[in-house]
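To keep things clear, I will list the structure first and then write my remarks on it.
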């Protein structure tokens with residue numbers, strides 16, 4: 001399962017984002033370090049279900065009238081402050097929690113209502129632009145410190161015959177989620193001395209930055225758009241990086257209202273319908289939220305998750321079935337499973353994603369949409385429905 005981590009300074013709205021996205025109960029309070037131990041839960045990426053091409057919807061519990069929700073892991077990391085890589089605010093402990101994440105959502109308080117340390121201040125008095133780069137900077141310097149601490153081992157290995165710097169650095173950085181191919185790609189991008197003993201802090205930091213960019217891409221959410229000065233959000237959107245306007249509190253309110261039957265809303269919808277039994281006070285709050293959603297195209301919470309999965313990580317959704325004509329599994333469930341795979345994946349990759357035994361016994365595959373057999377080198381596309389034929 002893909003893992004997306006929420007990062008940012010205290011009180012930016014990470015725990016509210018997490019609660020809205022996972023429907024899990026966590027502490028949400030207006031003081032620094034509400035979250036100490038990382039929260040882990042399951043949320044979903046949203047995509048169009050292939051059942052939209054058929055006369056009837058599939059009925060899968062993760063499909064809401066053709067809106068397919070594919071499970072991913074969401075990690076809520078405690079708030080980071082400038083100097084986290086040096087241990088400030090328990091920073092190293094919190095940074096360590098990001099190790100296994102595939103991508104990072106940097107939750108920024110667009111309202112300017114919290115200072116650099118996450119302490120409440122007057123709305124609009126802090127420039128949220130200042131909160132953008134420090135997360136990247138802290139992660140880069142934290143990884144650079146890990147490389148630095150382990151560099152003596154690399155130097156010692158370099159004295160042995162057959163030393164390969166790609167392998168040595170990949171072994172060091174495996175715990176950070178870097179593969180040998182990613183380390184090799186980073187080494188092609190940075191300039192460095194042939195002898196590890198001649199590397200400087202600048203060389204190690206340049207390597208750390210490139211590896212982090214490859215293994216932990218970041219998307220920014222301009223949170224609290226329902227109370228943020230519009231010019232703050234506009235400035236964030238002008239940055240040369242992906243920024244999604246969000247209201248985590250608005251998303252949480254809508255999901256709670258939907259659970260109570262007060263509104264008709266699915267996560268990721270740009271609008272909602274108010275039902276019966278809503279008080280005047282609730283209606284006024286919902287109308288205010290609707291204004292923010294109309295201005296910024298929804299609450300942004302689902303949009304940020306989707307961008308992280310389908311854009312930052314460049315995943316596609318594939319659906320394995322046993323019956324290519326009915327799109328069912330052995331017990332008649334229509335489109336029972338959905339897998340997020342890297343773009344460029346093949347039916348063989350999908351087979352292994354289902355089960356290693358299925359992959360080991362792979363024979364061939366059928367594209368259930370076209371009813372044609374596809375070769376093992378066929379590149380899967382978003383929404384492909386695939387029948388895998390295997391000896392196992």
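In full-length UniProt numbering, the protein residues as written are 1 to 392. All residues carry an ideal CB built from backbone N, CA and C; glycine is no exception. Note that this is a predicted model, so its numbers are computed, not measured.
Problem set entry | Completely contained beta strand (DSSP E) runs for the region 280 to 331, where each covers 3 or more residues | 315 to 321
Exercise. Excluding sequence positions up to five away, which residues of its chain have a Cβ less than 6 Å from the Cβ of residue 144?
Worked result: Sequence index remark: in the chain shown, residue 144 carries index 144 (1-based). Contacts found: 204, 205 and 208.
Exercise. Between residue 148 and residue 182, what straight-line distance do the alpha-carbon atoms span, to the nearest angstrom?
Worked result: Start at 1 with the first residue of the chain shown, and residue 148 comes out as number 148. Start at 1 with the first residue of the chain shown, and residue 182 comes out as number 182. Approximately 19 Å between the Cα atoms of the pair.
Exercise. Is it true that the CB of residue 252 sits closer than 7 Å to the CB of residue 19?
Worked result: Sequence index remark: in the chain shown, residue 19 carries index 19 (1-based). Sequence index remark: in the chain shown, residue 252 carries index 252 (1-based). Yes, they are a contact pair.
For this session: Can you tell me which of the three DSSP states residue 72 falls into?
Result: Translated into positions along the chain shown, residue 72 becomes position 72. Reduced to three states, the DSSP call for residue 72 is strand.
Problem set entry | CB-CB length for residue 105 against residue 309, believed under 8 Å | Numbered from 1 along the chain shown, position 105 holds the residue referred to as residue 105. Numbered from 1 along the chain shown, position 309 holds the residue referred to as residue 309. 11 Å between Cβ atoms; not a contact.
For this session: State the DSSP-derived secondary structure class of residue 333, mapped to helix, strand or coil.
Result: Locating residue 333 in the chain shown gives position 333, where the first residue counts as 1. Three-state result, residue 333: coil.
Problem set entry | Burial state of residue 91 (16 or more Cβ within 10 Å) | By 1-based counting over the chain shown, the position of residue 91 is 91. Residue confidence is low: residue 91 scores 43 on pLDDT, short of 50, so the model does not pin down where it sits. No coordinate-derived value is stated.
Exercise. Below 7 Å between beta carbons: does that hold for residue 175 and residue 215?
Worked result: Within the chain shown, residue 175 is the residue found at index 175, counting from 1. Within the chain shown, residue 215 is the residue found at index 215, counting from 1. Not closer than 7 Å, so no.
Exercise. Cβ atoms of residue 164 and residue 190: under 7 Å apart, would you say?
Worked result: Locating residue 190 in the chain shown gives position 190, where the first residue counts as 1. Locating residue 164 in the chain shown gives position 164, where the first residue counts as 1. No, they are not a contact pair.
Problem set entry | Closest Cα partner of residue 124 within the set 100, 263, 240 and 235 | Working through the chain shown from its first residue, we reach residue 124 at position 124. Minimum Cα distance to residue 124 is reached at 235.
For this session: State whether the region 327 to 343 contacts the region 370 to 378, with contact taken as three or more CB pairs (one from each stretch) at a distance under 8 Å.
Result: no
Exercise. Can you tell me where the alpha helix (DSSP H) with residue 129 in it begins and where it stops?
Worked result: The sequence position of residue 129 within the chain shown is 129, counting from 1. Neither: residue 129 is in no alpha helix (DSSP H) and is coded neither H nor E.
Problem set entry | The beta strand (DSSP E) enclosing residue 39, as first and last residue numbers | Counting from one through the chain shown, the residue named residue 39 turns up at place 39. That run of the beta strand (DSSP E) goes 39 to 48.
Problem set entry | Chain-order list of residues whose beta-carbon lies under 6 Å from that of residue 324 (same chain, five-residue window excluded) | Here the question's residue 324 lines up with position 324 in the chain shown. Answer for residue 324: 366, 368 and 387, listed in chain order.
For this session: Within its chain, find whatever has a CB closer than 7 Å to the CB of residue 363; leave out the 5 residues flanking it on each side and keep chain order.
Result: Position 363 of the chain shown, counting from 1, holds the residue named residue 363. Taken in chain order, the residues that qualify are 389, 390 and 391.
For this session: For residue 122, I'd like the list of residues in its chain whose CB is within less than 8 Å of its CB, leaving aside the five on either flank, ordered along the chain.
Result: Numbered from 1 along the chain shown, position 122 holds the residue referred to as residue 122. Same-chain partners within the cutoff: 113.
Problem set entry | Integer-rounded CB distance, given that residue 14 should sit under 8 Å from residue 2 | For the purposes of this step, residue 2 is identified with residue 2 of the chain shown, where counting begins at 1. For the purposes of this step, residue 14 is identified with residue 14 of the chain shown, where counting begins at 1. Going by Cβ atoms, the distance from residue 2 to residue 14 rounds to 18 Å, so no, they are not a contact pair.
Exercise. Taking DSSP as the reference, what is the three-state secondary structure of residue 108?
Worked result: Within the chain shown, the letter at position 108 stands for residue 108. Residue 108: strand per DSSP, three-state reduction.
For this session: Using a threshold of 7 Å, state whether the C-beta atoms of residue 103 and residue 306 are closer than that.
Result: For this step, residue 103 is matched to residue 103 along the chain shown. For this step, residue 306 is matched to residue 306 along the chain shown. Not in contact: residue 103 and residue 306 (Cβ atoms no closer than 7 Å).
Problem set entry | Distance between residue 271 and residue 355 (C-alpha atoms, nearest Å) | Position 355 of the chain shown, counted from the first residue, corresponds to residue 355. Position 271 of the chain shown, counted from the first residue, corresponds to residue 271. Distance between the alpha carbons of residue 355 and residue 271: 39 Å.
Exercise. Which residues share a DSSP beta bridge with residue 339?
Worked result: Position 339 of the chain shown, counted from the first residue, corresponds to residue 339. Per DSSP, 318.
Exercise. To which residues of the same chain is residue 288 closer than 8 Å at the C-beta, ignoring the five residues directly before and after it?
Worked result: Translated into the one-based positions of the chain shown, residue 288 becomes position 288. Cβ neighbours of residue 288 beyond the five flanking positions: 226.
Exercise. Which first and last residues belong to the alpha helix (DSSP H) in which residue 183 is found?
Worked result: Locating residue 183 in the chain shown gives position 183, counting from the first residue. Run containing residue 183: 180 to 189, per the alpha helix (DSSP H) assignment.
Problem set entry | beta strand (DSSP E) segment containing residue 385, residue limits | What you label residue 385 is simply residue 385 of the chain shown in a count that begins at 1. Where residue 385 is concerned, the enclosing beta strand (DSSP E) stretches over 384 to 390.
Exercise. What are the start and end residues of each continuous alpha helix (DSSP H) run of 4 or more residues lying completely inside the region 206 to 237, in chain order?
Worked result: 230 to 237
Problem set entry | Length of the line joining the Cα atoms of residue 316 and residue 40 | Position 316 of the chain shown, counted from the first residue, corresponds to residue 316. Position 40 of the chain shown, counted from the first residue, corresponds to residue 40. Distance between the alpha carbons of residue 316 and residue 40: 23 Å.
Problem set entry | Residues bridged to residue 67 (per DSSP) | Reading the chain shown from its first residue, position 67 is the one you call residue 67. According to DSSP, which records beta bridges pairwise, residue 67 is partnered with 48 and 64.
For this session: Could you please give the first and the last residue of the uninterrupted alpha helix (DSSP H) stretch that includes residue 158?
Result: Here residue 158 is taken as the residue at index 158 of the chain shown, counted from 1. Its alpha helix (DSSP H) spans residues 151 to 158.
Exercise. DSSP state of residue 252, grouped into three classes?
Worked result: For the purposes of this step, residue 252 is identified with residue 252 of the chain shown, where counting begins at 1. DSSP places residue 252 in helix when its eight states are reduced to three.
Exercise. Buried or exposed: residue 42, going by 16 or more other Cβ atoms within 10 Å of its Cβ?
Worked result: Counting from 1 along the chain shown, the entry for residue 42 is found at position 42. Exposed is the call here.
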